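Residue numbers (the numbering used here): 12 to 229. The structure appears right after this line, and notes come after that.
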């Protein structure tokens with residue numbers, strides 16, 4: 012679970028997004044709304060997988076069901092292919108990396124849009140959604156009682172949110188003094204976004220492939 016949670020936590024674009032949000036006139040409130048949307052997105056997606064796993068029999072005789080292995084195999088293949096594609100498309104010079112155009116208008120987003128952005132970048136993210144789905148499938152196939160499954164999902168969400176919560180914590184604690192630190196984080200994440208995503212896609216894709224094969228052959 013730790014590998015999947017860490018893979019979600021290391022999300023350059025959401026980190027850049029919350030740093031830009033913290034620089035808006037109502038940075039503290041907007042940052043909290045973004046973080047709330049992020050946590051809610053991961054929690055909702057994970058909870059849906061727990062519900063599906065509970066009704067579909069994700070665990071048989073205290074072992075993951077065959078469909079869990081097939082799901083992980085499919086998600087692993089998808090992530091590995093996206094990782095290879097991202098690596099081929101990465102800019103040769105990191106200084107030429109470009110951020111999405113919508114980030115230029117982030118200071119004009121309403122609080123509702125800020126909250127929705129956090130929700131979208133967590134639950135509907137091309138990297139985070141497969142990893143959260145895989146995590147939910149792993150939890151539901153563990154054979155643990157439901158209260159322990161919910162507790163495990165909460166731990167997953169907490170770890171997976173560290174990348175987004177860290178800039179918010181620095182801003183809340185340090186105030187104006189945090190600007191230079193957050194600017195450095197933003198610039199690094201913007202320059203290396205594609206390369207970081209490519210490596211994460213590929214490595215975590217291979218992990219899920221291995222997990223899926225292990226379940227299917229056991």
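Here a beta-carbon is modelled for each residue, glycine too, at the ideal position from N, C-alpha and C. Everything numeric in this text was worked out from a predicted model, so none of it was measured.
Exercise for review: Using only alpha-carbon positions, find the residue among 172, 206, 133, 136 that is nearest to residue 13.
Suggested key: 172
Review point. If you drop the 5 nearest sequence neighbours on each side, which residues of the same chain put their C-beta closer than 7 Å to that of residue 79?
Key: 69, 148, 152, 226
Check your understanding: Applying the criterion that 16 or more other CB atoms from any shown protein chain within 10 Å of the CB defines a buried residue, is residue 115 buried or exposed?
Key -> exposed
Review point. Within the chosen definition, does the segment 13-26 reach the segment 132-147 through at least 3 CB pairs nearer than 8 Å?
Key: yes
**Study point:** CA nearest to the CA of residue 38, picked from 214, 117, 215
**Key:** 117
Practice item. Identify which residue in 169, 217, 221 has its Cα closest to the Cα of residue 21. Key: 169
**Study point:** Close-in-space but distant-in-sequence residues of the same chain around residue 224 (CB under 7 Å, 5 per side omitted)
**Key:** 84
Practice item. Can you grab the Cα-Cα spacing for the pair residue 121 / residue 159, in whole Å? Key: 37 Å
Exercise for review: On a CA-only basis, which of 29, 88, 124, 35 is nearest residue 234? Give me that one, please.
Suggested key: With the chain covering only 12 through 229, there is no way to say anything about residue 234.
Check your understanding: By Cβ distance below 6 Å, which residues in the same chain neighbour residue 200 in space, the five residues on each side in sequence not counted?
Key -> 23, 26, 27
Review point. Is residue 141 helix, strand or coil when you go by DSSP?
Key: helix
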